[in-house]
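Protein chains in written order, with my numbering: chain D, 5 to 64; chain X, -8 to 131.
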């Protein structure tokens, strides 16, 4: 059995897991950890969307 | 130049962190089982979240038929891939024992899976460093 994910869903899952670890390890207080985790998640997913549109513009 | 070398001589060396049982055990156990370095220091929620995130990422990578690197002395990217995979600790050992991830899959999910497995190991290295910093009192 092989799990097949779309590029976007794989990128979102990647962003979730990496953001949780970054949030916990790079900040001390609980509030700062949550804020930094959300910031990392937004940057990951935002980066994917921006890169996607950049490639679409280059293609057309 | 002479002044800078004198300054270096005068500057006191930073005190080395105390070598305690926890400062050795937390990174070691944290490497073997992701998040366990935090759990043994009673950071239950942080440890649990690290365990779930890293283990799930690794398992999803395996389920996507991601390639698991073996020890090798060839291409530099293969060596780095092995180092990344090794970071997952017991997860990597179990997968190697079971012989999963040996095949060469052609579909694109397998490529994502390979990256998931490597990054799970690298995230565990960060988690291990964090457990060490907590153990020596550098982080609250």
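Cβ coordinates follow ideal geometry from the N, Cα and C atoms, glycine included.
Item: As a quick exercise: from 42/X, 11/X, 31/X, pick the residue whose alpha carbon is nearest that of residue 80/X.; Value: 42/X
Item: Is there at least one Cβ from chain X nearer than 7 Å to residue 55/D's Cβ?; Value: no
Item: Comparing the C-beta of residue 10/D with each C-beta of chain X, is any distance below 7 Å?; Value: no
Item: Could you check if residue 64/D is buried or exposed, using at least 16 other CB atoms within 10 Å of its CB as the buried criterion?; Value: exposed
Item: Go through its chain and collect everything with a Cβ distance to residue 40/X's Cβ below 8 Å, but skip five positions before and after it.; Value: 26
Item: Under 7 Å Cβ to Cβ from residue 72/X, same chain only, skipping five residues before and after it: list those, please.; Value: 60, 109
Item: Within 7 Å of any Cβ in chain D, is that where the Cβ of residue 83/X sits?; Value: no
Item: Which residues, in chain order, does the segment 103 to 114 of chain X contribute to contact with chain D at a C-beta distance below 9 Å?; Value: 103, 104, 106, 107, 110, 111, 114
Item: Distance, Cα to Cα, residue 88/X vs residue 4/X?; Value: 45 Å
Item: Using 8 Å as the Cβ pair cut-off and three pairs as the minimum, do the segment 95 to 103 of chain X and the segment 5 to 16 of chain X touch?; Value: no
Item: Distance cutoff 7 Å, beta carbons only. Does residue 87/X sit that close to anything in chain D?; Value: no
Item: Report buried or exposed for residue 11/D, applying the criterion of at least 16 other Cβ atoms within 10 angstroms of its Cβ.; Value: exposed
Item: Determine the extent of the alpha helix (DSSP H) in which residue 38/D is found, giving its start and end residues.; Value: 34 to 63
Item: Can you grab the Cα-Cα spacing for the pair residue 44/X / residue 22/X, in whole Å?; Value: 14 Å
Item: In its own chain, which residues sit with a C-beta less than 8 Å from the C-beta of residue 91/X, not counting the 5 before and 5 after it?; Value: 53, 59
Item: Can you list the residues of chain X that residue 14/D reaches, using a CB-CB cut of under 7 Å?; Value: 103
Item: Do residue 50/D and residue 24/D have their beta-carbon atoms positioned less than 7 Å apart in this structure?; Value: no
Item: Report yes or no: is there a C-beta of chain X within less than 7 Å of the C-beta of residue 49/D?; Value: no
Item: If residue 57/X and residue 107/X are in contact, beta carbons under 8 Å, what's the gap, nearest whole angstrom?; Value: 6 Å
Item: Just to confirm my understanding: we take residue 52/D, look at its own chain, exclude 5 residues before and 5 after, and list those with CB closer than 6 Å. What are they?; Value: 15
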